[in-house]
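**Student:** Going down the list, the protein sequences come from chains A and B. Position in the first sequence (from 1) plus 68 gives the number in the numbering used here. Position in the second sequence (from 1) plus 2 gives the number in the numbering used here.
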Amino acid sequence: MIEVRIPKTGDAVEEGTLVEWLVEDGAQVAAGTPIYLLETDKVEMEIEAPCAGTIRRVGTAGDIYPVGELVATIAENGG
Amino acid sequence: MTERASAPTDDLSPQFLVRLYETARTIREFDDRMRRGLSTGEFMLSYWPVEGQEAISTGVCAALEPDDRMVITYRCAADAIAKGVDLDELAGELLGKVTGTSGGRGGAMGINAPDVGLMATTGIVGAGTPIATGIALAAQQTKSGRVTVVSFGDGATSIGAVHEAMNVAALWRLPIVFLCHNNLYGEGTPVAEYTRIERLSDRAAGYGMPGMTVDGTDALAVFWAAREAVARARAGEGPTFLEAVAFRLNGHYFGDPCAYVDKEALTQARANEPIGKLRVRVLAAGVPESDVEALDRRIAESVDKAVSGASAADMPAPDTLYEHVYGGSAEPGCISAATDAGAPTGGSGEEAELSLAQAVNQALAQALERDDRVILLGEDIADPVGGLFTCTAGLSTRFGADRVRATPIAEQAIVGAAIGAALDGMRPVAELMFLDFLGVCLDQLANHAAKLRFMSGGRARVPLTLRTVEGAYSGPQHSQALEAWLTHTPGLKVVVPSTPRDAKGLLTSCIEDDDPCVFIESMQLLLARKMRGPVPTGDVRVPLGRVEVRRPGKDVTIVSWGMPVHTSLEAAGKLAETGIDAEVVDLRTLVPLDLDGVLESVGKTRRLIVVHNAVTFSGFGAEIAAQVSERCFGDLTAPVVRVGAAFTPVPRALSLVAAHTPSVPAIVAAVQQSWR
């Protein structure tokens, strides 16, 4: 199982907003599928699935998380 | 070896040739008189002779308008005289006398005469070029039509500052001429021993600018080439590199044994020296020899009067030592006189919750709005990037990319351009992306921005602000708190805000201050939501040199600045649980230092802890500890304790960072140690 955590997108970045989920909870995703929209003071960016599998959403759209916080897991198919 | 620009014949009028001759002859006479005075022991000082190079300065300055600008070097006499500096003031300055251009504070390295367009002299090889680009930038920005000539020796073509400056000047098509006095020796090393290229003007091609090489012993050839370069600059077509070759007929400095000089070449050069050649032209134009001889006598008299007068003049009085270190008061400059600091202004009315980066952005926007003289310079500061930490986001879109100017990655050029623009009336705000890059531009900041007011005896001022960032925990070279490098430099002001409100108010004060200010933003405060705070929407000014008590207390004083103020406040909260009531004093500005504000708190608590992000050893905390100990040792009930970073580079690994950096437990432990 792969964990998806809020990334540190710059030296000064301490937290990020999970603006919007781009996939349904439990959906099958391919590696590279945009899974959520992240916003920090510096950027807005789509975060892509790091691998193919079944996604479990942990974070809530609209909430602010510190960098490193777990927001999703992906169970790799057949893994 | 040489090329010649096309030669219009109307420049061969007797009047013009006599004018050239008079300038060149005055330079020669002055140089002779200086060396005579030095060799007889009449006066003792450092002097860099110009014999042989007279025609270069003469020809170039004849192509300039009186209010065109010049930046020169410590081999100053030829350029200074040709630009029109008063002989009495020039001699006075060289001799370190009160009659000098700078009242004896600068010597040959500090000739300054803005009334004739001589904006700066430097003793650092090549360092005038970035400053000159800033003067040219000011001219371009204000559409003054002025051209700047920056003069330097051949040796300077090896140093980085010149290359950064040439690149920026060409990129921005600045109205500037790079004048290389190629006297065939970089100090004591022949050109062929320090570079593979034969024509130094070939360097120009690398920056997309024209390069010309002319015979520097021929004043007319220099004049024609300079006229072409100056016309190009004035027409907005950008810079030119003009190399003028003339053998240096004396040593690098007076007293130089010249063991490195090719004696045969020197003999040839003496036979081909510029004054004799110019005299032949003057006579050939029909000027009677008796007129020329009369002119020679007149020049000799005025030069002797100037140098002898300087020799007899007074040295500046010792009690004037602190004058011209900073604008305003002549008190020992690093300690703020409370009356100087002024009262905070503005700040009432509407407020918004902003991050420190947003507060900086707002201060910059309002300064740009308020004052046309404000310009911003820095890497990636223009949109769409808007600054690495968004501090300048939106500003280039709103105020134009010429006022909010993205630069090459060239810190010497950035700081130098800001210095030059400040010298000529602008109020530049430059950005140094990380404080760690200070080493790249420290010469511009510490040797020039900080000293030009002093070196010019107050004729120059450098109202620039340098914004930068510390405390990133981004490894050994993008993290350091180096404020002590800056506070050790007379002439700089050093400001470190800890709240968004102070950031806006202090930055506004820095921009409006007449001295160079370094404004250090703590990384952890820039964007973090929990560090946001109320900031007045309108104008707000927080005076430099005033502490702010962040938490009143009666048992122990914790002095800090920047991010560690917050660490100290957290520690004070923990201490309160153990019954210790700590007062947290935010220094806000390190220079000028509000020592009274610190003493007031320590007088009450009789215990002092200083907390900073910089390494403890030789940090600014040591200065606070010493100042307080000197003034109220008897009142202290415990030794002053410093809490800073370990004496190591800033590590990458977070585990090591935690061990390196001042922490809440470390502050609590220090207080408890003080308490026992």
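Note that the Cβ used here is the ideal one computed from N, Cα and C, for glycine as well.
1. Name the DSSP beta bridge partners of GLY681(B), please?
2. Rounded to whole angstroms, what's the CA-CA distance from THR539(B) to VAL586(B)? Just pull it up for me.
3. Let me make sure I understand the geometry here. Which of ARG71(B), GLY106(B), THR101(B) and THR28(B) has the alpha-carbon closest to that of LEU47(B)?
4. Assuming ARG548(B) and ASP504(B) are in contact, meaning their beta carbons sit under 8 Å apart, how far apart are those beta carbons, in whole angstroms?
5. Out of ILE626(B), THR399(B), SER350(B) and ASP382(B), which has the shortest C-alpha to C-alpha gap to LEU370(B)?
6. For ASP81(B), count the other beta carbons within 10 Å of its own beta carbon; 16 or more makes it buried, fewer makes it exposed. Which is it?
7. Which same chain residues end up closer than 8 Å to ILE199(B) when comparing Cβ atoms and leaving out the 5 residues on each side of it in sequence?
8. Which first and last residues belong to the beta strand (DSSP E) in which ARG590(B) is found?
9. Is MET623(B) buried or exposed, if buried means 16 or more other CB atoms sit within 10 Å of its CB?
10. Going along chain A, which residues have a C-beta under 9 Å from MET525(B)?
11. Given that ARG531(B) touches chain A, what residues does it touch there, using C-beta distances under 8 Å?
12. Does any CB atom of chain B fall closer than 8 Å to the CB of LYS110(A)?
13. Could you tell me the alpha carbon to alpha carbon distance between ILE582(B) and ALA640(B), rounded to whole angstroms?
14. Starting from LEU528(B), find everything on chain A with Cβ-Cβ shorter than 7 Å and list it in chain order.
15. Thinking just about the alpha-carbon of each residue, which of PRO177(B), GLY43(B), TRP50(B) and GLY460(B) is nearest to the one in GLY329(B)?
16. Going by DSSP, what residue range makes up the beta strand (DSSP E) through THR510(B)?
17. Just to confirm before moving on: does the CB-CB distance between PRO430(B) and ALA420(B) stay below 8 Å?
18. Helix, strand or coil: how does DSSP classify GLY535(B) here?
19. Taking C-beta pairs closer than 8 Å, name the residues in chain A that PRO392(B) reaches, listed in chain order.
20. For THR341(B) and ARG543(B), I'd like the C-alpha separation in whole angstroms.
21. What does a CB cutoff of less than 6 Å around PHE439(B) pick up in its chain, not counting 5 residues either side in sequence?
22. Going straight from the alpha carbon of PHE249(B) to that of VAL417(B), what length do you get?
23. Give me the chain A residues within the contact set of SER357(B), using Cβ-Cβ distance strictly less than 7 Å, ordered along the chain.
24. Taking 8 Å as the limit between beta carbons, can you name the residues of its chain near LEU297(B), skipping five residues before and five after?
25. Quick check: the stretch 388 to 399 of chain B against the stretch 447 to 462 of chain B, are at least 3 beta-carbon pairs closer than 8 Å?
26. Tell me the residue span of the beta strand (DSSP E) that contains LYS495(B).
27. Taking Cβ positions only, does HIS662(B) come closer than 8 Å to chain A?
28. Using only CA atoms, which one of ARG77(B), LEU92(B) and VAL537(B) lies nearest to GLY348(B)?
29. Just tell me which of PHE45(B), SER603(B), GLU166(B) and ALA223(B) has its CA closest to the CA of SER310(B).
30. For ILE178(B), report the span of its beta strand (DSSP E) as first-last.
31. I want to see whether chain A comes within less than 8 Å of ALA474(B), judged by CB atoms only; does it?
**Tutor:** Let me lay it out:
1. For chain B, the structure presents residues 3 to 678; residue 681(B) sits outside this window and is missing.
2. Here residue 539(B) corresponds to residue number 537 of the second sequence, with the count starting at 1. Here residue 586(B) corresponds to residue number 584 of the second sequence, with the count starting at 1. Roughly 27 Å separates the two Cα atoms.
3. As a first step, residue 47(B) must be located in the second sequence, where it is residue number 45. Of the listed residues, the one whose Cα sits closest to LEU47(B) is GLY106(B).
4. Here residue 548(B) refers to the residue found at position 546 when the second sequence is read from its first residue. Here residue 504(B) refers to the residue found at position 502 when the second sequence is read from its first residue. Not a contact, Cβ separation roughly 10 Å.
5. For the purposes of this step, residue 370(B) is taken as residue 368 along the second sequence, with counting starting at 1. Answer by Cα proximity: THR399(B).
6. Here residue 81(B) refers to the residue found at position 79 when the second sequence is read from its first residue. Buried: at least 16 other Cβ atoms inside 10 Å.
7. Position 197 of the second sequence holds residue 199(B). ARG205, listed in sequence order.
8. The count along the second sequence starts at 1 and reaches residue 590(B) at position 588. Where ARG590(B) is concerned, there is no enclosing beta strand (DSSP E), given that its DSSP letter is neither H nor E.
9. Locating residue 623(B) in the second sequence gives position 621, counting from the first residue. Going by the sequence as given, residue 623(B) is Gly instead of Met. Answer is buried; the Cβ neighbour count reaches 16.
10. Within the second sequence, the letter at position 523 stands for residue 525(B). Those within 9 Å of MET525(B) in chain A are ASP79 and ALA80.
11. Sequence index remark: in the second sequence, residue 531(B) carries index 529 (1-based). The answer, in chain order, is GLU82, GLU83 and ILE132.
12. Within the first sequence, numbered from 1, the residue matching residue 110(A) stands at position 42. Yes, its Cβ sits closer than 8 Å to a Cβ of chain B.
13. The sequence position of residue 582(B) within the second sequence is 580, counting from 1. The sequence position of residue 640(B) within the second sequence is 638, counting from 1. Rounded to the nearest angstrom, the two C-alpha atoms are 15 Å apart.
14. The residue you call residue 528(B) lines up with position 526 of the second sequence. Within 7 Å Cβ-Cβ: ALA80.
15. Here residue 329(B) corresponds to residue number 327 of the second sequence, with the count starting at 1. Minimum Cα distance to GLY329(B) is reached at GLY460(B).
16. Here residue 510(B) refers to the residue found at position 508 when the second sequence is read from its first residue. Segment 502 to 514 is the alpha helix (DSSP H) holding THR510(B); no beta strand (DSSP E) there.
17. Mapped onto the second sequence, residue 430(B) falls at position 428. Mapped onto the second sequence, residue 420(B) falls at position 418. A contact, by the Cβ cut-off of 8 Å.
18. For the purposes of this step, residue 535(B) is taken as residue 533 along the second sequence, with counting starting at 1. Correct three-state label for GLY535(B): strand.
19. Taking the first residue of the second sequence as position 1, residue 392(B) is located at position 390. With the sequence shown as reference, residue 392(B) is identified as Thr, and Pro is not the correct amino acid for it. Under the 8 Å cutoff, chain A gives ASP109 and LYS110.
20. Taking the second sequence and counting its residues from 1, the one referred to as residue 341(B) is at position 339. Taking the second sequence and counting its residues from 1, the one referred to as residue 543(B) is at position 541. Confidence is the limiting factor: at THR341(B) the pLDDT is only 44, short of 50, which leaves the residue's position unreliable and the question unanswerable from this model.
21. To locate residue 439(B), count along the second sequence from 1; it is residue 437. GLU413, listed in sequence order.
22. Within the second sequence, numbered from 1, the residue matching residue 249(B) stands at position 247. Within the second sequence, numbered from 1, the residue matching residue 417(B) stands at position 415. Using only the alpha carbons, I get a separation of about 33 Å.
23. The residue you call residue 357(B) lines up with position 355 of the second sequence. Under the 7 Å cutoff, chain A gives ASP109.
24. Taking the first residue of the second sequence as position 1, residue 297(B) is located at position 295. VAL20, TYR23, GLU24 and ARG27, listed in sequence order.
25. no
26. The residue labelled residue 495(B) in the question sits at position 493 within the second sequence. Element bounds for LYS495(B): 495 to 497.
27. One-based indexing of the second sequence puts residue 662(B) at position 660. Chain A contact via Cβ: absent.
28. Here residue 348(B) is taken as the residue at index 346 of the second sequence, counted from 1. Measuring from the Cα of GLY348(B), the nearest candidate turns out to be VAL537(B).
29. As a position in the second sequence, residue 310(B) is number 308, starting the count at 1. Comparing Cα positions, the closest option is PHE45(B).
30. On the second sequence, position 176 is the one that residue 178(B) refers to. Looking at the DSSP string, the run of the beta strand (DSSP E) that includes ILE178(B) is 178 to 184.
31. Residue 474(B) sits at position 472 when you count from the first residue of the second sequence. Yes, ALA474(B) counts as interfacial toward chain A.
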